[in-house]
Amino acid sequence: MSDEKLRELYARATSARPNPRRVDCPTPEALEALAKREGPEDQRLATLDHAMACADCRQELELLRAIEQAGRAETGASAVHTRWRRPIVLALGTALAAGAALVAVLGPWSARQDSTVVMRGAATDVRLAAPAADTVVSAGGLTFSWRSVPDARRYTLEVLTSAGAVRARRETTDTSAAISAAELGTGDLRWTVRAEMNGGELHSPTRRLRVSRP
Amino acid sequence: MSVPSGITEEMSAALEDVVSRFARMVRSVGVRHGLSEADLDEVLQEVRIRLWQACPTSEQIRALGTSYVYRAAISAARDLLRRRRARGAALTDSVDEHTNIAVVTSASDEADARDLEHQVLGVIDTIPLSRRAVVRMYLSGYERDEIAELMGWSEAKTRNLLYRGLADLRDGLTRKGITWEGQA
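Each protein sequence line maps, in turn, to chains A and B.
Numbering-wise, this note's numbering puts 85 at position 79 of the first sequence, and it's gapless, one number per residue.
Numbering-wise, this note's numbering puts 832 at position 9 of the second sequence, and it's gapless, one number per residue.
Structure below.
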């Protein structure tokens, strides 16, 4: 039996077990917590285990997951977009409250990046640009940046906790990505970037970062 | 695209600008795994109403941050699920949900297929939870990076759990005399 056949069989088996009364199904809140990566891991695993065996719950999870991911991607994208447009925004003197708030949050980081020392890895590694190693963040989100790798199809930025769990992840074809303050949270973190090419992957060194909010 | 009745064309255009951009993102994420267009449309219509109620002018609608639209969409989706469960109805099946399901041609074949399904599900049930959930997600058509994204795991952790889970599955199937040439 091939992978494809096994997947077909699994799809048939799970769709053939209708559960109209939704007995034992996790609540919408539990599915939402899974989609948002909130709550204890064992609970999210139990919810996922059920959802992937229950056609109704899987469809509900997919709706929440798609919205959650779109929200995450859009929030990150708009932050990066605003950062590059900042001089124009200031020149025009726009009074949009949301835009002004974002610029205020990202402003200090734009200034800090100018004095960032680039940590150089091996010639074939992904080179990280900003923030610098052991940066301490006390307010706002962060824009992470790195050097372009020739022939890279896309980059994956991962911000990890000291225990190795992923706190935030971005996939982009650009060489920077923004993470909001809410997503960064607090504590000792590490970040790394992976470049994907047609012939394989390149990894950056890992940099430390501390988020300590008053 | 329908909008709440009694609003101006200007406000309608502002709502569409804000909602349609977000909708494109949701579709691009959900299209691979059978996201129902009807369900998404219902959520988006509710989002339009909520934005319209929260913002009296088109300028205020256009000035809304993405995070506000996102929160409105999550809240609307959660309310949709609650309402449907209260009514005892499942979400609408997506059009292509069943298109890749093999056609069983005879009663005998059907019985064999059911027996095989039963055995595979039985083996999956014996896998430890952390690996089992990952295996189920993989068998449901999700890729490794999607599993990592949903669980907030590193790529290495996800790969490890998936490979070990698929190895458990292969061993269990082999014990039952079922040969699987998948990527364990």
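The beta carbon of each residue, even a glycine, is placed where N, CA and C say it ideally should be.
- By the Cβ-count criterion, GLY193 of chain A is exposed, with fewer than 16 other Cβ atoms from all chains shown falling within 10 Å of its own Cβ.
- With respect to chain A, the C-beta atom of ARG901 of chain B has a partner C-beta closer than 8 Å.
- Taken in chain order, the whole alpha helix (DSSP H) runs of length 4 or more contained in the stretch 875-903 of chain B are 881-885.
- The Cβ atoms of ILE950 of chain B and GLY1000 of chain B do not sit closer than 8 Å to each other.
- In this structure, the alpha-carbon of ALA52 of chain A lies about 7 Å from that of LEU952 of chain B.
- Straight through space, the alpha carbons of ALA174 of chain A and SER168 of chain A are spaced by roughly 13 Å.
- Considering only beta carbons, the part of the stretch 855-879 of chain B lying closer than 9 Å to chain A consists of HIS856, GLY857, LEU858, SER859, ASP862, LEU863, VAL866, in chain order.
- Comparing alpha carbon positions, the residue from A:ARG71, A:ARG213, A:SER21 closest to GLU972 of chain B is A:ARG71.
- Shown in chain order are the members of the stretch 48-59 of chain A whose Cβ falls below 8 Å from a Cβ of chain B: ASP48, ARG50, LEU51, ALA52, LEU54, ASP55, MET58, ALA59.
- The stretch 840-855 of chain B makes no contact with the stretch 201-214 of chain A; the number of CB pairs closer than 8 Å stays below 3.
- DSSP places SER218 of chain A outside both helix and strand once states are collapsed to three, so it counts as coil.
- At a beta-carbon threshold of 8 Å, the residues of chain A lying near MET960 of chain B are LEU54, MET58, ordered along the chain.
- Looking at the DSSP output, LEU163 of chain A sits in a beta bridge with A:ARG176, A:VAL199.
- Nearest neighbour of VAL870 of chain B by Cα position, chosen from B:GLU882, B:ARG955, B:ILE884, B:ALA895, turns out to be B:ALA895.
- Where SER168 of chain A is concerned, there is no enclosing alpha helix (DSSP H), because DSSP gives it neither an H nor an E.
- For GLU972 of chain B, the chain A residues whose C-beta falls within less than 8 Å of its own C-beta are GLN75, ARG175, listed in chain order.
- Under the DSSP definition of a beta bridge, VAL143 of chain A partners with A:VAL217.
- Annotated as distal: ARG216 of chain A and THR162 of chain A, with beta-carbon spacing of 8 Å or more.
- DSSP, reduced to helix, strand and coil, places LEU952 of chain B within a helical segment of the structure shown.
- The beta carbon of ILE884 of chain B does not come within 8 Å of any beta carbon belonging to chain A, so the residue lies off that interface.
- Chain A places no beta carbon closer than 8 Å to that of MET834 of chain B, leaving this residue out of the contacts.
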